[in-house]
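> Sharing a structure, written as structure tokens. Questions coming.
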Amino acid sequence: MTAHMTARARSMDAGVDLSVYLVTDTAQCAARGRTVAETVAQAVAGGVTAVQIREKHASGREFLRTVLDVAEVLPEHVALMVNDRVDVFLAARANGARVTGVHVGQSDLPATSVRQLIGEEAVLGLSAATAEELHAAATSAARVDHVGIGALHATRTKDDAPEPLGLDGFAALAGASALPAVAIGGVVPTDLPRLRVAGAAGAAIVSGICAADDPRAAARTYADAWSDSAGPRPRIRKDVSA
Numbered sequence: 280m281t282a283h284m285t286a287r288a289r290s291m292d293a294g295v296d297l298s299v300y301l302v303t304d305t306a307q308c309a310a311r312g313r314t315v316a317e318t319v320a321q322a323v324a325g326g327v328t329a330v331q332i333r334e335k336h337a338s339g340r341e342f343l344r345t346v347l348d349v350a351e352v353l354p355e356h357v358a359l360m361v362n363d364r365v366d367v368f369l370a371a372r373a374n375g376a377r378v379t380g381v382h383v384g385q386s387d388l389p390a391t392s393v394r395q396l397i398g399e400e401a402v403l404g405l406s407a408a409t410a411e412e413l414h415a416a417a418t419s420a421a422r423v424d425h426v427g428i429g430a431l432h433a434t435r436t437k438d439d440a441p442e443p444l445g446l447d448g449f450a451a452l453a454g455a456s457a458l459p460a461v462a463i464g465g466v467v468p469t470d471l472p473r474l475r476v477a478g479a480a481g482a483a484i485v486s487g488i489c490a491a492d493d494p495r496a497a498a499r500t501y502a503d504a505w506s507d508s509a510g511p512r513p514r515i516r517k518d519v520s521a
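If you read the sequence shown in the numbering used here, its first letter stands for residue 280, the second for the next number, and so on.
See below:
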């Protein structure tokens with residue numbers, strides 16, 4: 280069995296559902312008069328299947344508090360990922376929180392180092408925007424579980440977002456990926472049918488939910504768009520309740 284086949288076999292099975300994947304933005308939540316935890320609770324009620332806490336400007340203490348608050352409102356079947364900060368992931372687990380894994384970018388800690396720190400049972404996600412980065416992720420000793428491919432469209436959520444791929448660009452990369460691929464970057468509900476047909480494991484949403492007046496209704500729109508489209512629902516074979 281090739282390294283690519285092994286990676287895909289290890290990553291797709293019952294476990295983490297990435298289909299409607301909320302990535303939080305504290306400022307957008309606050310602008311609507313909600314905390315991150317309140318936004319997450321409403322979004323999960325609307326159909327969000329996984330949550331990633333992203334805090335680019337918070338202190339470690341503030342980041343940890345947010346993760347702990349969100350962990351308290353999440354049902355066991357919804358994965359909770361920490362963006363970039365391995366220390367926050369470890370601290371949250373030390374505090375007894377149910378945290379699923381860590382997602383890192385190409386300029387963060389090397390994925391191999393992250394895997395050594397978080398352990399084999401944790402989920403490891405990695406951002407990728409080129410065929411070379413996808414190949415490296417699939418063959419890495421880090422045993423990456425899934426990749427986030429983007430930006431799908433132009434987005435103001437992330438200052439260093441790469442040039443937009445568009446739906447066709449995403450489809451080409453996802454089709455060549457040996458790992459489950461999640462689309463990110465300006466994703467709107469009408470994108471989801473084509474993303475799912477293209478083989479996406481899901482869509483990561485920031486502004487579409489965090490900046491919405493009604494996160495539950497917004498999440499439901501995304502969830503319905505995904506459910507109504509054809510295609511498999513890849514999952515990562517790890518225990519989300521760990």
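From the three backbone atoms N, C-alpha and C, an ideal C-beta is built for every residue, glycine too.
Put Val467 into one of helix, strand or coil per three-state DSSP.
For the purposes of this step, residue 467 is taken as the residue at position 188 of the sequence shown. Val467 falls in the coil class under three-state DSSP.
> Quick one: give me the first and last residue of the beta strand (DSSP E) that Val378 is part of.
Stepping through the sequence shown from its first residue, residue 378 is reached at position 99. It is not in any beta strand (DSSP E) - Val378 carries neither H nor E in the DSSP assignment.
> Nearest-angstrom Cα distance between Gly481 and Pro468?
Against the sequence shown, residue 481 aligns to sequence position 202. Against the sequence shown, residue 468 aligns to sequence position 189. Looking at the two C-alpha atoms, the distance is approximately 12 Å.
> Determine the direct distance from the alpha carbon of Ile397 to that of Asp365, and round the result to whole angstroms.
Sequence index remark: in the sequence shown, residue 365 carries index 86 (1-based). Sequence index remark: in the sequence shown, residue 397 carries index 118 (1-based). First, the residue type needs correcting, since residue 365 is Val and not Asp in the sequence shown. So the two alpha carbons sit approximately 7 Å from each other.
> Among all the DSSP beta bridges, which residues are the ones paired with Val461?
Along the sequence shown, read from residue 1 onward, the residue named residue 461 stands at position 182. Beta-bridge pairing links Val461 to Gly427, Gly481.
> Using the beta-carbon count (16 or more within 10 Å), is Glu399 buried or exposed?
The residue you call residue 399 lines up with position 120 of the sequence shown. So Glu399 counts as exposed.
> Using a threshold of 8 Å, state whether the C-beta atoms of Leu343 and Val319 are closer than that.
In the sequence shown, counting from the first residue as 1, residue 343 sits at position 64. In the sequence shown, counting from the first residue as 1, residue 319 sits at position 40. Contact: no.
> For Ile332, write down the residues that DSSP places opposite it in a beta bridge.
Reading the sequence shown from its first residue, position 53 is the one you call residue 332. Note: Ile332 sits in a beta bridge opposite Val361.
> With contact counted as at least three CB pairs below 8 Å, one residue from each stretch, are the region 457-471 and the region 411-425 in contact?
Segments in contact, yes.
> So Ala268 and Leu359 are in contact, right, with Cβ under 8 Å, and what is the actual spacing, rounded?
Any question about residue 268 goes unanswered here, given that the chain covers just 280 to 521.
> Under the DSSP definition of a beta bridge, which residues are partnered with Ser406?
For the purposes of this step, residue 406 is taken as residue 127 along the sequence shown, with counting starting at 1. Bridge partners of Ser406: Gly427.
> Do Gly326 and Lys517 have their beta-carbon atoms positioned less than 8 Å apart in this structure?
Counting from 1 along the sequence shown, the entry for residue 517 is found at position 238. Counting from 1 along the sequence shown, the entry for residue 326 is found at position 47. No, the pair does not count as a contact, with Cβ atoms beyond the cut-off.
> Would you kindly work out how many angstroms separate the C-alpha atoms of Val393 and Ile332, rounded to a whole number?
The residue you call residue 393 lines up with position 114 of the sequence shown. The residue you call residue 332 lines up with position 53 of the sequence shown. Computed Cα separation, rounded: 17 Å.
> So what does DSSP say about Asp348, is it helix, strand or coil?
Translated into the one-based positions of the sequence shown, residue 348 becomes position 69. Residue state, collapsed to three classes: helix.
> Leaving out five residues before and five after Val299 in sequence, what residues of the same chain have Cβ atoms less than 8 Å from its Cβ?
The residue given as residue 299 occupies position 20 in the sequence shown. Closer than 8 Å at the Cβ level, and outside the excluded window around Val299, lie Gly326, Val327, Thr328, Ala329, Gly481, Ala482, Ile484, Ala498, Tyr501, Ala502, Trp505.
> What is the residue span of the alpha helix (DSSP H) that Val315 lies within?
The residue labelled residue 315 in the question sits at position 36 within the sequence shown. Counting along the chain, the alpha helix (DSSP H) containing Val315 begins and ends at 315-325.
> Compare the beta carbon distance of Val476 and Thr379 with 8 Å and say whether it is the shorter of the two.
By 1-based counting over the sequence shown, the position of residue 476 is 197. By 1-based counting over the sequence shown, the position of residue 379 is 100. Not in contact: Val476 and Thr379 (Cβ atoms no closer than 8 Å).
> Given a cut-off of 8 Å, decide if Ala421 and Ala390 are closer than it, judged by their beta-carbon atoms.
Residue 390 sits at position 111 when you count from the first residue of the sequence shown. Residue 421 sits at position 142 when you count from the first residue of the sequence shown. Yes, Cβ-Cβ distance for Ala390 and Ala421 is below 8 Å.
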